[in-house]
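> This is the structure I want to talk about, given as C-alpha cells.
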Amino acid sequence: MESVFRKTCPDGLPGDLKVVETLRYAPGQGAVRAALHLARLERTCARLGIRLDLAAARALLDNLAGPVPMRLRLTVGADGAPELEQAALQLTYAPWRIGLAAERLHSADPWLGVKTTRRALYDRVRAALPDDLQEMVFLNERGEVCEGTITNVFVERDGTLLTPLLDCGVLPGVLRRSLLENGRAREAVLWPRDLLAAPGAIHVGNSLRGLIRAELAA
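Pasting the structure below:
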C-alpha cells in the first residue's frame, strides 16, 4: 500500500473496502471502454496493495452477452478476486440541472484519486439531492471546481471541453481520460464563475452515462 493511504489506514485497509469500476454494457459492443476500466482497476489495486486477479476481471467483462444495455459494477476486495453485478440500464439524454455542494473536498486527500466504496460524503450528498436537481458539484478548499457526486465536470470553450486537473481533487474518470486522449478535452483550473458564465456549455459525465449537457441552477 502506498504511504499516503497507510497514513489514513495505519491498521490496514478496512475489511469491507472494495475497489469499484462502474461501466456500461452495450449490445453488439460489449463492455464499453473496458480496457480503460481495467487499466484503472489495476492501478488502484496496486496503489492500495491489493493483488488483483486481472485475468479473472477481464474474463468477466469478455463473457458478457445480452440484447439490452446494462449497468455493470465490477468490484474487487482485499483478496483480489473480482465480482460482477449486472442491472438494467435506462439512459436519459435530457439535460441535467446541477447545483454547488456546500461541503468542500480537500485536494490533498489521496482517496479522491481512487474509486472505492469509501465514498460516504458522495453518497450522503447524492441522497439529499432536491427533486429538481440531478447532480451536485463539489469545490475544494481553494474554491476550485472538482467533480460531481457521480460525474466529472466539463465546460466547453472555443470547441474544447475543459475539465479540472486531478490535482484539484478529482477522480481520474474513464470518460474523462478518453476525452483527454482523443483531444476533445484538456485540463484547466475551473472556478464557479466559469460555470456561471457558461450557460449551454456545461457538461457532466461518466463512462456509464456518457456526456450529459447540464445547467447550473440559480
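The opening position of the sequence shown corresponds to residue 127 in the working numbering, with each subsequent residue numbered one higher.
Positions of the beta carbon are idealized from the N, C-alpha and C atoms, including for glycine.
(1) Which residues in the same chain have their Cβ closer than 6 Å to the Cβ of Leu-337, if we skip the five residues on either side of it in sequence?
(2) Quick one, which of Ser-333, Gly-285, Ala-185 and Leu-297 has its alpha-carbon nearest Thr-170's?
(3) For the segment 305-312 against the segment 284-294, do three or more pairs of beta-carbon atoms, one drawn from each stretch, fall closer than 8 Å, so that the two count as touching?
(4) Within its chain, find whatever has a CB closer than 6 Å to the CB of Glu-282; leave out the 5 residues flanking it on each side and keep chain order.
(5) Along the chain, where does the alpha helix (DSSP H) containing Leu-238 start, and where does it finish?
(6) Leu-149 and His-163: beta carbons closer than 7 Å?
(7) Going by Cα to Cα distance, which pick from Ala-207, Ile-176 and Val-194 is closest to Arg-184?
(8) Would you list, in sequence order, the uninterrupted alpha helix (DSSP H) runs of no fewer than 4 residues that lie entirely inside the segment 152-237?
(9) What does DSSP give as the partner residues of Ala-340 in its beta bridges?
(10) According to the Cβ coordinates, are Asn-278 and Gly-299 closer than 7 Å?
(11) With distances taken from CA atoms, which of Pro-193, Leu-174 and Pro-318 is nearest Gly-203?
(12) Using only alpha-carbon positions, find the residue among Val-194, Arg-197 and Ala-160 that is nearest to Ala-181.
(13) Taking the alpha-carbon of Ala-228 as reference, which of Leu-215, Lys-241, Leu-217 and Arg-252 has the nearest alpha-carbon?
(14) Classify Gly-296 as helix, strand or coil using the three-state DSSP reduction.
(15) Within 8 Å, do at least three Cβ pairs link the segment 194-203 to the segment 253-265?
(16) Hey, would you say Glu-267 sits closer than 7 Å to His-232, going by beta carbons?
On the basis of the supplied data:
(1) The answer, listed in chain order, is His-329 and Gly-331.
(2) A check of alpha carbon separations from Thr-170 across Ser-333, Gly-285, Ala-185 and Leu-297 identifies Leu-297 as the nearest.
(3) yes
(4) Cβ neighbours of Glu-282 beyond the five flanking positions: Ala-327.
(5) First-last for Leu-238: undefined, no H or E at that position.
(6) With contacts defined as CB atoms closer than 7 Å, Leu-149 and His-163 qualify as a contacting pair.
(7) Ala-207
(8) 160-174 and 180-188
(9) Trp-222 and Ile-328
(10) yes
(11) Leu-174
(12) Ala-160
(13) Arg-252
(14) Note that residue 296 corresponds to Val in the displayed sequence, not to Gly. The answer is coil: DSSP assigns Val-296 none of H, G, I, E or B.
(15) no
(16) Yes, the Cβ-Cβ distance between Glu-267 and His-232 is below 7 Å.
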